[in-house]
Amino acid sequence: MADPTFVHLTDLHFGEPDDPHLHSDTEATMDQILSNIAKIEPRPDFAIASGDLTNAGDPQSYRKLTRALDGIGMPVVYAIGNHDTRAGFREGMLGEAPGSDMPYDHDQVLAGIHVITLDSTVPGAIGGAIEPAQFDWLKTRLADHADLPKLLVIHHPPMLGETQDPDFWRGIRFEDSLRLAEILKGRDDIKGILCGHIHHDRFSVWHGIPVIVGLGQHAATDILVTDRLRMVQGAGFGIGRLRPSGLTMALVPLPSDRAELNSYPLSMLRAHVEQVEAAAHAAPEHAD
Ligand SMILES: [Fe+2]
Numbered sequence: 066m067a068d069p070t071f072v073h074l075t076d077l078h079f080g081e082p083d084d085p086h087l088h089s090d091t092e093a094t095m096d097q098i099l100s101n102i103a104k105i106e107p108r109p110d111f112a113i114a115s116g117d118l119t120n121a122g123d124p125q126s127y128r129k130l131t132r133a134l135d136g137i138g139m140p141v142v143y144a145i146g147n148h149d150t151r152a153g154f155r156e157g158m159l160g161e162a163p164g165s166d167m168p169y170d171h172d173q174v175l176a177g178i179h180v181i182t183l184d185s186t187v188p189g190a191i192g193g194a195i196e197p198a199q200f201d202w203l204k205t206r207l208a209d210h211a212d213l214p215k216l217l218v219i220h221h222p223p224m225l226g227e228t229q230d231p232d233f234w235r236g237i238r239f240e241d242s243l244r245l246a247e248i249l250k251g252r253d254d255i256k257g258i259l260c261g262h263i264h265h266d267r268f269s270v271w272h273g274i275p276v277i278v279g280l281g282q283h284a285a286t287d288i289l290v291t292d293r294l295r296m297v298q299g300a301g302f303g304i305g306r307l308r309p310s311g312l313t314m315a316l317v318p319l320p321s322d323r324a325e326l327n328s329y330p331l332s333m334l335r336a337h338v339e340q341v342e343a344a345a346h347a348a349p350e351h352a353d
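In the working numbering, each number is its position in the sequence shown, counted from 1, plus 65.
Okay, structure coming up:
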């Protein structure tokens, strides 16, 4: 059997053109991406869309995205990100009755790969988290399909360091990242973790596991500017191939002039995270 291959999309940020926070024409970008995907031979077995599917989380944007991806010609694994809403996704994409705000955790077997998707979103927050019940769910799923290689799909990447990062809005809450590491490290069946959120290509080996962050299809973080979050034009996608020896990711960037789209002070982002954390700890249902 041929090695399984897949497309990695992330941070699609579908939305309405009059959304003042969108800053780029994500529908036009997706048209370009899809025409590139159509050229891939042999056809990939599936696609992964690792969150921030929409910019505002409204059901109509999910319907628009469903129509746009209708012709992609392969199954798509969806995760949700901090710009998504669970309710909007469930209504607009899954066609469920309005109202459900349950985390969207799911798994499936595609082309001989066990793909496990975790919902790392915290409603209203930029950064991610994994709740205790989700860790329990993950441990159960990891015991399934013991003969198959596994890929994890999580919008927020784990925080990679051994100590808390002041910009922890960029990933999964530090203590949850440590717990995730405890569960995953030493397992040679985990072939990679596919992520988005930080809007630039970044490949890491974390406790022996490749953590693949894709640039995505919305806007690029200018990583050479570190005193603020500077967003510039830029988009691309990844093509993954899982050989018996391990995972390969090859990148397909779209041409870009890297013109500035927006710029955010880091202090604003840190203050937002602190506000959300404080509110969570003040709420009775989150009290220890
Ligand atoms: Fe995003």
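Using N, Cα and C, we set each Cβ at its ideal position, and we do this for glycine too. This one's a predicted model, so the numbers in the text were calculated from it and none came from an experiment.
C-alpha gap between residue i and residue j, whole angstroms
i, j, result
"residue 353", "residue 97", "With a pLDDT of 38 at residue 353, under the threshold of 50, the predicted position of this residue should be treated as unreliable, and no value is reported."
"residue 188", "residue 147", "7 Å"
"residue 186", "residue 161", "19 Å"
"residue 116", "residue 221", "9 Å"
"residue 350", "residue 343", "Caution is warranted here: a pLDDT of 42 is assigned to residue 350, below 50, making its placement in the model unreliable, and the coordinate value is therefore given only provisionally. Using only the alpha carbons, I get a separation of about 13 Å."
"residue 238", "residue 196", "10 Å"
"residue 127", "residue 169", "15 Å"
"residue 111", "residue 180", "11 Å"
"residue 230", "residue 66", "43 Å"
"residue 76", "residue 256", "22 Å"
"residue 247", "residue 240", "11 Å"
"residue 289", "residue 114", "26 Å"
"residue 313", "residue 123", "34 Å"
"residue 80", "residue 88", "10 Å"
"residue 311", "residue 212", "15 Å"
"residue 130", "residue 118", "8 Å"
"residue 206", "residue 182", "10 Å"
"residue 172", "residue 208", "12 Å"
"residue 99", "residue 137", "7 Å"
Residue range of the unbroken beta strand (DSSP E) whose run includes residue i
i, result
"residue 114", "111 to 115"
"residue 93", "Where residue 93 is concerned, there is no enclosing beta strand (DSSP E), although the alpha helix (DSSP H) it sits in stretches over 91 to 102."
"residue 271", "267 to 271"
"residue 316", "311 to 318"
"residue 288", "First-last for residue 288: undefined, no H or E at that position."
"residue 108", "No beta strand (DSSP E) contains residue 108, which DSSP labels as neither H nor E."
"residue 70", "70 to 74"
"residue 216", "215 to 219"
"residue 307", "301 to 308"
"residue 263", "From DSSP, residue 263 is part of no beta strand (DSSP E); its letter is neither H nor E."
"residue 275", "274 to 278"
Per-residue DSSP class, three states only, for residue i
i, result
"residue 241", "helix"
"residue 351", "Note on residue 351: pLDDT 37, under 50, position unreliable in the model; no value is reported."
"residue 334", "helix"
"residue 283", "coil"
"residue 343", "helix"
"residue 127", "helix"
"residue 256", "strand"
"residue 134", "coil"
"residue 156", "helix"
"residue 325", "strand"
"residue 293", "strand"
"residue 249", "helix"
"residue 24", "Residue 24 lies beyond the residue range present for the chain, which begins at 66 and ends at 353; the question has no answer from this structure."
"residue 235", "helix"
"residue 224", "coil"
"residue 171", "strand"
"residue 186", "coil"
"residue 82", "coil"
"residue 367", "Not covered by the structure: residue 367. The range shown for the chain is 66 to 353."
"residue 191", "coil"
"residue 88", "coil"
Residue i burial status per 10 Å Cβ neighbour count (16 or more: buried)
i, result
"residue 305", "buried"
"residue 204", "exposed"
"residue 86", "exposed"
"residue 346", "exposed"
"residue 156", "buried"
"residue 143", "buried"
"residue 340", "exposed"
"residue 278", "buried"
"residue 135", "exposed"
"residue 235", "buried"
"residue 91", "buried"
"residue 354", "Missing from the structure shown is residue 354; the chain here goes from 66 to 353 and no further."
Where the alpha helix (DSSP H) through residue i begins and ends
i, result
"residue 144", "Residue 144 -> not in any alpha helix (DSSP H); beta strand (DSSP E) instead, spanning 141 to 144."
"residue 201", "197 to 207"
beta-carbon residue i near ligand 3 non-hydrogen atom, thresh 7 Å
i, result
"residue 94", "Absence of ligand 3 is noted for the structure shown, with ligand 1 being the only ligands found."
Any C-beta of chain B under 8 Å from that of residue i
i, result
"residue 69", "Reference to chain B is not applicable here, since this structure consists of a single protein chain."
Pocket of ligand 1 defined by Cβ to heavy atom distance under 5 Å:
76, 117
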